[in-house]
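>
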Amino acid sequence: MSTTDLLARTLESVRAAYQNIAELAEHQDGIYAVAQTARGTALIHDLRKSLDQLNKILPFKS
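Written as structure tokens, this is what we have:
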């Protein structure tokens, strides 16, 4: 798999996780309420994992 493909797949994962968290936050009375649910915790974990993957792919460090 090329770096471009991996980057595209990872960005899509980040986008999907963000949308799911935002939707859950809307129905759960905010992001702090999301963090208190099992699904919310799993979504946040997935988002962090995807962001860690992006950090490995991108050729620069902040």
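Taking UniProt numbering, the leading residue of the sequence shown gets 1, the next gets one more, and so forth.
Beta carbons: idealized from backbone N, C-alpha and C, even for Gly.
Being a predicted model, the structure only gives us computed values, none of them experimental.
Where do the ends of the alpha helix (DSSP H) carrying Gly40 lie?
Taking the sequence shown and counting its residues from 1, one reaches residue 40 at position 40. That run of the alpha helix (DSSP H) goes Ala38 to Ile57.
> Just to confirm my understanding: we take Gln28, look at its own chain, exclude 5 residues before and 5 after, and list those with CB closer than 6 Å. What are they?
Working through the sequence shown from its first residue, we reach residue 28 at position 28. Counting only Cβ-Cβ distances below 6 Å, and skipping sequence neighbours, we find Val34.
> DSSP on Asp5, reduced to helix/strand/coil?
The count along the sequence shown starts at 1 and reaches residue 5 at position 5. In this structure, Asp5 counts as helix in the three-state DSSP scheme.
> Indicate the three-state DSSP secondary structure (helix, strand or coil) for Gln28 in the structure shown.
Here residue 28 corresponds to residue number 28 of the sequence shown, with the count starting at 1. Three-state DSSP puts Gln28 in coil, outside helix and strand.
> To the nearest angstrom, how far is it from the Cα of Ala22 to the Cα of Ser2?
Taking the sequence shown and counting its residues from 1, one reaches residue 22 at position 22. Taking the sequence shown and counting its residues from 1, one reaches residue 2 at position 2. When rounded, the distance between both Cα atoms is 30 Å.
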